[in-house]
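Using the working numbering, the letters of the sequence shown map in sequence onto residues 687 to 797.
As structure tokens, the structure follows; a few thoughts come after it.
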Amino acid sequence: MLGLLLRIARSVVNNVMSIITSQINIIQDAITSPLKAMVQQVTGGIWKGDGSVRFVQEMTSEVIPQLVNIGGMGMSFGGAIRKALDFMDQADKQATSKANELFDVFNKIFN
């Protein structure tokens, strides 16, 4: 019975994680696309000089990667949830195995 509940929980968690991953990707794209477009405009010549070079460097090496890392935190949270489900599955299998061993011992005693 617990195994069935764990399979249902895993299925629900996988579906939720898929939705969260999709939403994180949408948000990342919505945030980083305009910034990337600005960088392209600057590198295309709309802004010239030392300030433009510094802007492009900071955007490409600091700002955009840090924004992407924020989304990565959501992904790692999902990985932690999946790992917890794996531990629960493992514990369920071990408990089932021990219960079956105990059942076999009692079965030998009373039969």
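We treat Cβ as the ideally placed atom computed from N, Cα and C, and that holds for glycine.
Predicted model only: the values in this text are computed from it and were never measured.
If you check the beta carbons only, do residue i and residue j fall under 8 Å apart?
| i | j | result |
| --- | --- | --- |
| Met745 | Leu721 | yes |
| Ser738 | Val728 | yes |
| Gln714 | Leu753 | yes |
| Val698 | Ile767 | no |
Quick one: using the 10 Å Cβ neighbour count with 16 as the cut-off for buried, is residue i buried or exposed?
| i | result |
| --- | --- |
| Val725 | buried |
Suppose the cutoff is 8 Å on Cβ atoms and the five residues either side in sequence are ignored; what does the same chain contact list for residue i look like?
| i | result |
| --- | --- |
| Met761 | Thr707, Ile710 |
At the level of alpha carbons, what is the spacing between residue i and residue j?
| i | j | result |
| --- | --- | --- |
| Phe792 | Ala785 | 11 Å |
| Lys779 | Asp790 | 16 Å |
Note down, in chain order, each residue of its chain lying with its Cβ closer than 6 Å to the Cβ of residue i, except the 5 sequence neighbours on either side.
| i | result |
| --- | --- |
| Gly730 | none |
What is the DSSP secondary structure of residue i, counted as helix, strand or coil?
| i | result |
| --- | --- |
| Lys734 | coil |
| Asn700 | helix |
| Asn786 | helix |
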